[in-house]
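Q: Sharing a structure with you now.
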Amino acid sequence: MWGWIVYHWGMANVARSSAAVPTLPPGPKGSLLTGNLSEYMPDQLGFLTRSAKRYGDVVRLRFLNVPLYLLNHPDHVEYVLVKNNRNFIKDRAERSGLRFLGQGLLTSEGEPWRRQRRLAQPAFHRQRISAYGRTMVESAEGMLDASWQDGETRGIQEDMSRLTLKIVSNTLFGAAITQELEEEVGEALEVVMGRFTGGILFKVPERIPTPANLRFRRAIRRLEEIIYGIIRERRGAPDEDSGDLLSMLLATRDEATGQGMTDEQLRDEVLTIFLAGHETTALNLSWTWHLLAAHPDVEEALHGELRETLGGRAPTMKDLAGLSYTDAVVKESMRLYPPVWGFGREALQDCEIGGFRVPKGTQVIVSQWVMHRDERYFEDPEVFRPERWTDGSTEGLPKYAYFPFGGGPRLCIGQSFAKMEAVLLLATIAQRFRLRHAPGQETVEPLPSLTLRPNTGLRMILSERA
Ligand code: HEM
818 MWGWIVYHWG MANVARSSAA VPTLPPGPKG SLLTGNLSEY MPDQLGFLTR
868 SAKRYGDVVR LRFLNVPLYL LNHPDHVEYV LVKNNRNFIK DRAERSGLRF
918 LGQGLLTSEG EPWRRQRRLA QPAFHRQRIS AYGRTMVESA EGMLDASWQD
968 GETRGIQEDM SRLTLKIVSN TLFGAAITQE LEEEVGEALE VVMGRFTGGI
1018 LFKVPERIPT PANLRFRRAI RRLEEIIYGI IRERRGAPDE DSGDLLSMLL
1068 ATRDEATGQG MTDEQLRDEV LTIFLAGHET TALNLSWTWH LLAAHPDVEE
1118 ALHGELRETL GGRAPTMKDL AGLSYTDAVV KESMRLYPPV WGFGREALQD
1168 CEIGGFRVPK GTQVIVSQWV MHRDERYFED PEVFRPERWT DGSTEGLPKY
1218 AYFPFGGGPR LCIGQSFAKM EAVLLLATIA QRFRLRHAPG QETVEPLPSL
1268 TLRPNTGLRM ILSERA
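In structure tokens form, the structure reads like this:
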């Protein structure tokens, strides 16, 4: 996702330092000036897939003057994310493009990141977040009662986005967030995400006051005002534990120093959670509706499990264990349409991957889109078949052949939250509605930006289930 794409023209030229490299990985030649950009830009997913197929597990690419190594083997992904993770930091594009997230979990590095992760981890513990299950189900029911009608055509991506934003706002802030503030947060986040439509390539640097940049800065300022306002209220009533994520983040103390988070650290974390925690889950659900509509047999099996396990009542956390097929549907949907479709790192020191020397400063990229559709690991990789996760056929899969949430120390902190949310929402909504593509929407294509969005917004027709 987080676009590994070159952000600055004047970056260190790693090619120079690779003069002594014994073997360079193979890769498409590209043009003298722009490298592989002209092939990559119009078809990012296709280009990476073709490059992996043609050149193998380590592919050398170049965008302008910046060489990148695309890694296509689960062991290489594991090497970067887990085994030698200390030798890698987030890639340059992410460091520049997401600078507005400050020292939040997604963008910080080294000791500051380790400290923040230690502090935030307990708030995301499975037991803690299970308290949010009820909020998730009630929010979904609220949406269905208030706005979904039989026969209506709706923009499903938008609906899923609004729903997951409501859930993340409520779990972060509890009752402190009013409907009005929630809408403002939604509008501001849309402007923020809008900056990354089509990736982050060739964006005018934030400091230059173009109309789009001014809109972006205004949106960030408004989000900050809201976040700081709520933090101030909370600090003013320190004894009230409202059980939401913010109160946990406020209460947490570093074991070594006894210190908590400053307001600025809280701002960075809250903004990060807003950004990382709502669109990803909304997209997972949107793609799932798309896939279910195209596969009535899977939909029927899903309804069968929901009937048997829930018999029409709202799901609770206790039901999750009995919803294994629903879980497999979500998992398979994330295989074919990973909301985070790729991300990058930069090597701090020379190292070796797959027999190739990786010079210090190299940008390495891994892509869930490419790996999840690799026929070496998945039989009939293009086929939507949730059963592959329940019939044993994916047993023994290399760990990093499937990595929608990343891995290693920087594994998505919201993984349990997101999985629980997707299953509960799918179970709640699918019991009441069946969704079919509106005319022309069957051929929706993935649009890679920071995340993997449907290019049409996914308009679907609702039919209420008897
Ligand atoms: C389907 C939903 C989601 C997907 C596919 C997803 C995916 C990811 C991935 C791949 C990473 C690692 C990026 C990297 O290593 O560079 C990540 C990190 C992160 N995610 Fe998620 N995520 C999802 C939902 C959530 C939710 C619900 C939250 C919060 C409530 C969240 C918060 C974060 C944070 C804070 C990080 C940074 C963790 C760190 O570096 O310590 N994510 N996510």
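In our numbering, the protein residues as written are 818 to 1283. C-beta: ideal position from N, C-alpha, C; glycine also. Predicted model only: the values in this text are computed from it and were never measured.
Can you give the beta carbon distance from Gln1185 to Phe1220, rounded, assuming they're within the 8 Å contact cut?
A: For the purposes of this step, residue 1185 is identified with residue 368 of the sequence shown, where counting begins at 1. For the purposes of this step, residue 1220 is identified with residue 403 of the sequence shown, where counting begins at 1. About 6 Å; that satisfies the 8 Å criterion.
Q: At a cut-off of 7 Å, is Cys1229 close to the ligand HEM when judged by its beta-carbon and the heavy atoms of the ligand?
A: If you number the sequence shown from 1, residue 1229 lands on position 412. Yes, the beta carbon of Cys1229 sits closer than 7 Å to at least one heavy atom of the ligand HEM.
Q: Could you name the residues of the same chain whose beta carbon sits closer than 6 Å to that of Arg916, not counting the 5 residues immediately before and after it, in chain order?
A: To locate residue 916, count along the sequence shown from 1; it is residue 99. Cβ within range, chain order: n/a, list empty.
Q: Evaluate Lys1020 with the Cβ neighbour count: other Cβ atoms within 10 Å of its Cβ, from every protein chain shown; 16 or more gives buried, anything less gives exposed.
A: As a first step, residue 1020 is located in the sequence shown; it is residue number 203 there, counting from the start. Under this definition Lys1020 is a buried residue.
Q: Contact between the stretch 1034–1049 and the stretch 1121–1133 is defined here as three or more beta-carbon pairs at a separation below 8 Å; is this criterion met?
A: Counting Cβ pairs under 8 Å, fewer than three are found: no touch.
Q: May I ask you to check if the CB of Gly972 is nearer than 7 Å to at least one heavy atom of the ligand HEM?
A: The residue labelled residue 972 in the question sits at position 155 within the sequence shown. It does not: the Cβ of Gly972 is nowhere closer than 7 Å to a heavy atom of the ligand HEM.
Q: Any heavy atom of the ligand HEM closer than 7 Å to the beta-carbon of Lys1148?
A: Counting from 1 along the sequence shown, the entry for residue 1148 is found at position 331. Checking the Cβ of Lys1148 against the ligand HEM gives no.
Q: Measuring only the C-alpha atoms, how far is Ala1164 from Glu1122?
A: Here residue 1164 is taken as the residue at index 347 of the sequence shown, counted from 1. Here residue 1122 is taken as the residue at index 305 of the sequence shown, counted from 1. So the alpha carbons of these two residues sit roughly 46 Å apart.
Q: Going straight from the alpha carbon of Gly1060 to that of Met1010, what length do you get?
A: On the sequence shown, position 243 is the one that residue 1060 refers to. On the sequence shown, position 193 is the one that residue 1010 refers to. Gly1060 and Met1010: Cα-Cα distance of roughly 29 Å.
Q: Smallest Cα separation from Leu1267: which of Leu849, Ala937, His1095, Gln944?
A: Residue mapping note: residue 1267 aligns to position 450 of the sequence shown, counting from 1. Here the closest residue by C-alpha is His1095.
Q: Could you name the residues that DSSP lists as bridge partners for Cys1229?
A: On the sequence shown, position 412 is the one that residue 1229 refers to. None, per the DSSP bridge assignment.
Q: Per DSSP, what kind of secondary structure is Gly1161 in: helix, strand or coil?
A: Start at 1 with the first residue of the sequence shown, and residue 1161 comes out as number 344. It is a strand residue.
Q: Would you say the beta carbon of Ala1093 is closer than 7 Å to some non-hydrogen atom of the ligand HEM?
A: As a working note, residue 1093 is residue 276 in the sequence shown. For the ligand HEM, at least one heavy atom lies less than 7 Å from the Cβ of Ala1093.
Q: Ala1099: which of Gly959, Tyr857, Leu980, Gly1225 sits nearest, CA to CA?
A: Counted from its first residue, the sequence shown places residue 1099 at position 282. Closest by alpha carbon: Leu980.
Q: Under 8 Å: do the stretch 959–973 and the stretch 1243–1255 share three or more Cβ pairs, one atom per stretch?
A: Yes, since at least three Cβ pairs between the stretch 959–973 and the stretch 1243–1255 fall closer than 8 Å, the two stretches touch.
Q: Going along the chain, which residues of its own chain have a beta-carbon closer than 6 Å to the beta-carbon of Gly1231, five neighbours each way excluded?
A: If you number the sequence shown from 1, residue 1231 lands on position 414. Here the set comprises Gly1094.
Q: From Trp1106 to Val985, what does the alpha carbon distance come to, in whole angstroms?
A: If you number the sequence shown from 1, residue 1106 lands on position 289. If you number the sequence shown from 1, residue 985 lands on position 168. Their Cα atoms are separated by approximately 21 Å.
Q: How about Met1277 and Leu1137: are their beta carbons less than 8 Å apart?
A: Taking the sequence shown and counting its residues from 1, the one referred to as residue 1277 is at position 460. Taking the sequence shown and counting its residues from 1, the one referred to as residue 1137 is at position 320. No, the pair does not count as a contact, with Cβ atoms beyond the cut-off.
Q: Report the rounded CA-to-CA distance for Ala1068 versus Arg1193, giving the unit in angstroms.
A: In the sequence shown, counting from the first residue as 1, residue 1068 sits at position 251. In the sequence shown, counting from the first residue as 1, residue 1193 sits at position 376. The straight-line gap from Cα to Cα measures roughly 47 Å.
Q: So the candidates are Pro1265, Gly1257, Ala1283; which of them puts its Cα closest to the Cα of Leu811?
A: The requested residue 811 is not part of the displayed model; the chain covers only 818 to 1283.
Q: What residues in its chain sit with their C-beta under 6 Å from that of Gln1248, if we drop five residues either side in the sequence?
A: As a first step, residue 1248 must be located in the sequence shown, where it is residue number 431. Contacts found: Leu1123.
Q: Judging by CA-CA distance, which residue of Ala992, Gly1139, Met1188 is the nearest neighbour of Met1151?
A: Here residue 1151 refers to the residue found at position 334 when the sequence shown is read from its first residue. Among Ala992, Gly1139, Met1188, the Cα nearest to that of Met1151 belongs to Met1188.
Q: Cβ-heavy atom distance between Gly919 and the ligand HEM below 7 Å?
A: To locate residue 919, count along the sequence shown from 1; it is residue 102. Every heavy atom of the ligand HEM is 7 Å or more from the Cβ of Gly919, so no.
Q: Hey, quick one: how far does the alpha helix (DSSP H) through Gln1185 stretch, first residue to last?
A: One-based indexing of the sequence shown puts residue 1185 at position 368. It spans 1185–1189 - the alpha helix (DSSP H) in which Gln1185 sits, taken as one unbroken run.
Q: Kindly list the residues whose CB is nearer than 7 Å to the CB of Glu1261, restricted to its own chain and excluding five residues on each side of it in sequence; keep chain order.
A: For the purposes of this step, residue 1261 is taken as residue 444 along the sequence shown, with counting starting at 1. Here the sequence assigns Val to residue 1261, which means Glu is not the residue at that position. Within the same chain, Val1261 has close Cβ partners His1107, Pro1271, Asn1272, Thr1273, Leu1275.
Q: Could I get the ranges of all uninterrupted alpha helix (DSSP H) runs contained in the stretch 1006–1061, with 4 residues as the minimum, in chain order?
A: List check, alpha helix (DSSP H) in window: 1028–1053.
Q: Is the number of C-beta pairs between the stretch 983–997 and the stretch 940–960 that are closer than 8 Å three or more?
A: Because the criterion of three Cβ pairs below 8 Å is met, the stretch 983–997 and the stretch 940–960 touch.
Q: Consider the C-beta atom of Ile1246 and the heavy atoms of the ligand HEM; say whether any pair is separated by less than 7 Å.
A: Taking the first residue of the sequence shown as 1, we reach residue 1246 at position 429. Checking every heavy atom of the ligand HEM against the Cβ of Ile1246, none is found closer than 7 Å.
Q: Straight-line CA distance for Thr1245 to Lys1216?
A: Position 428 of the sequence shown, counting from 1, holds the residue named residue 1245. Position 399 of the sequence shown, counting from 1, holds the residue named residue 1216. When rounded, the distance between both Cα atoms is 31 Å.
Q: Rank Thr1097, Pro1156, Glu895, Leu849 by C-alpha distance to the C-alpha of Ala1218 and give the top, closest one.
A: The residue labelled residue 1218 in the question sits at position 401 within the sequence shown. Comparing Cα-Cα distances from Ala1218 to each of Thr1097, Pro1156, Glu895, Leu849, the minimum goes to Glu895.
Q: Beta carbon of Leu1243, beta carbon of Thr1089: below 8 Å?
A: On the sequence shown, position 426 is the one that residue 1243 refers to. On the sequence shown, position 272 is the one that residue 1089 refers to. No, Cβ-Cβ distance for Leu1243 and Thr1089 is not below 8 Å.
Q: Report whether the distance from the Cβ of Lys907 to the nearest heavy atom of the ligand HEM is below 7 Å.
A: As a position in the sequence shown, residue 907 is number 90, starting the count at 1. Within the cutoff, so yes.
Q: Starting from the Cα of Ala937, find the closest Cα among Ile1025, Gln1082, Phe1033, Val875 and give me that residue.
A: Taking the first residue of the sequence shown as 1, we reach residue 937 at position 120. Comparing Cα positions, the closest option is Gln1082.
Q: Per the contact definition of three or more C-beta pairs closer than 8 Å, is the stretch 1165–1173 in contact with the stretch 885–904?
A: Judged by Cβ distances under 8 Å, the stretch 885–904 makes contact with the stretch 1165–1173, as three or more pairs qualify.
Q: Starting from Val876, follow the alpha helix (DSSP H) in both directions and report where the run begins and ends.
A: Locating residue 876 in the sequence shown gives position 59, counting from the first residue. From DSSP, Val876 is part of no alpha helix (DSSP H) but of the beta strand (DSSP E) over 875–880.
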